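Data first, discussion second: the structure below is written as structure tokens.
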Amino acid sequence: MTSKQWVRGAAVTAFGMAMAVVPVVVPQAEAASCPTYRWGSLAKVDGEFTANDIGSVRSGRHACFDRLVIDLDDRGVGYDVRYGAVYQEGSGDRVYLRGTDIQIIVRAWGRDLRNSRELLDVRGYSTFRQVAMAGTFEGQTTLGLGVRARLPMRVLELDGPGDGSRLVIDVAHSW
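For the sequence shown, the residue numbers in mature numbering (1 follows the signal peptide of the UniProt record, and there is no 0) are -20 to -1, 1 to 155.
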């Protein structure tokens, strides 16, 4: 074997070995997109006072978050939504919830809501553990939302249906 053949054989062997260790990148299926990057766990507040009435409270489950909707009979509402202890309107007694507490204060009357520790059935939800009514006093209604952990949330004010509006509280399933 000549030195030229030996060099050529060594080069082919080295090239083959280099190709054997090159990683192969296989694209994976894209995970469901949960755009919660602008969400957070700090208080969400709008100090506006209104003469609104709460029509109903309802909930829903989505792929990335659980949703609480407060239907109002008119547009615009003041609110204070934050992680922290929930207290009964009027008496100031603590309302204990399953999970981590979110206090929801809505600057509107909740006359037609029953005063209940189980306002809605949220069994089977990923994040929600309990929705409780904590009373209405002097034009302000407090609700308690028990959640699995301190997770990102957002609060939206949406128009409709009709002349009414909706206060929407979404709590993500994860960070």
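Positions of the beta carbon are idealized from the N, C-alpha and C atoms, including for glycine. Here the structure is a predicted model, which means the values were calculated and not measured.
Next item on the list: Identify every residue that forms a DSSP beta bridge with ARG62.
Entry: GLN83
Margin query: Contact defined as beta carbons within less than 8 Å: I believe SER145 pairs with VAL57. What is the distance between those atoms, to the nearest angstrom?
Written below: 7 Å
Margin query: Rounding to the nearest angstrom, what Cα-Cα distance links ARG41 and GLY72 in this structure?
Written below: 31 Å
Margin query: Using DSSP's beta-bridge definition, name the partner residues of LEU100.
Written below: VAL111
Next item on the list: Measure from the alpha carbon of PRO15 to the alpha carbon of each residue in PRO141, GLU137, GLY140, PRO132, then state which is nearest.
Entry: PRO132
Note to self: Considering only their Cβ atoms, is the gap separating ASP51 from THR30 smaller than 9 Å?
What the structure shows: no
Note to self: With three or more C-beta pairs closer than 8 Å as the rule, is the region 82 to 89 touching the region 58 to 71?
What the structure shows: yes
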